[in-house]
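Notes follow once the structure below has been shown.
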Amino acid sequence: MPLWNESPNYKSTTNIVMALLEDLLDKGYCVTLDNFYTSPELAELLLSHRTDVYGTLRPNRIGVPEEIKKRTLKKGEIVGFQKGKICVMKYMDKKPICILSTMHNTVIVEQDKKREKNSRKIGKNSFHKTSSYN
Numbered sequence: 000m001p002l003w004n005e006s007p008n009y010k011s012t013t014n015i016v017m018a019l020l021e022d023l024l025d026k027g028y029c030v031t032l033d034n035f036y037t038s039p040e041l042a043e044l045l046l047s048h049r050t051d052v053y054g055t056l057r058p059n060r061i062g063v064p065e066e067i068k069k070r071t072l073k074k075g076e077i078v079g080f081q082k083g084k085i086c087v088m089k090y091m092d093k094k095p096i097c098i099l100s101t102m103h104n105t106v107i108v109e110q111d112k113k114r115e116k117n118s119r120k121i122g123k124n125s126f127h128k129t130s131s132y133n
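Note that numbering that gives the first Met the number 0 has the sequence shown beginning at 0, numbered continuously upward.
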């Protein structure tokens with residue numbers, strides 16, 4: 000008899016993942032998912048079965064904090080929220096990347112700012128100013 004009976008209370012993607020993982024539940028495994036399957040709903044369900052999860056996340060999923068959905072980030076910026084063991088982060092590289100994890104925490108890390116162009120070249124900017132003045 001299968002452990003997981005398809006439930007109308009859950010989305011079809013949640014039912015698919017739970018059916019595939021039925022032999023691995025309650026054994027302390029960690030599952031990696033792509034953004035088609037990852038959702039806060041699934042993360043809570045897997046946690047209740049002692050199974051961790053991490054993977055990319057579509058920001059329009061039900062249960063994703065509104066701040067993640069609406070916030071526009073500059074390149075290199077990150078924003079994160081945590082509810083219990085579920086951590087949701089959004090990072091801006093060339094395009095925004097959202098991640099959900101039950102294995103990681105949101106941690107504030109200060110990043111060194113990039114040095115300005117020519118900051119170590121003494122006199123270069125002064126030279127340009129002087130030559131344009133003459």
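Glycine is no exception: its CB is placed at the ideal position from the N, C-alpha and C atoms. If you're wondering where the values come from, they're calculated on a predicted model, not measured in any experiment.
Asked, Found
"Which listed residue (Gln81, Leu99, His48) has its alpha carbon closest to that of Thr55", "Leu99"
"Neighbourhood of Leu46 by C-beta, 7 Å cutoff - its chain only, sequence neighbours within 5 removed", "Lys84, Thr101"
"Neighbourhood of Tyr36 by C-beta, 6 Å cutoff - its chain only, sequence neighbours within 5 removed", "Thr12, Val16"
"For Lys73, three-class secondary structure by DSSP", "coil"
"Distance, Lys82 Cα to Glu66 Cα", "14 Å"
"DSSP-derived helix/strand/coil call for Tyr132", "Here the model assigns Tyr132 a pLDDT of 41, short of 50, so the residue's position is not dependable, and the following value carries that caveat. Helix at Tyr132."
"The alpha helix (DSSP H) enclosing Met102, as first and last residue numbers", "That residue, Met102, is in no alpha helix (DSSP H); it is neither H nor E in DSSP."
"First and last residue of the uninterrupted beta strand (DSSP E) at Leu32", "29-32"
"Environment of Leu19 [buried if 16+ CB atoms lie within 10 Å]", "exposed"
"Distance CB(Gly79)-CB(Val87) smaller than 8 Å", "yes"
"For Thr55, the first and last residue of its enclosing beta strand (DSSP E)", "51-55"
"Backbone CA spacing between Asn59 and Thr50 [nearest angstrom]", "24 Å"
"Cα-Cα separation, Lys10 to Lys94", "27 Å"
"Identity of the residue in Leu72, Tyr28, Ile61, Ile96 nearest His48 by Cα", "Tyr28"
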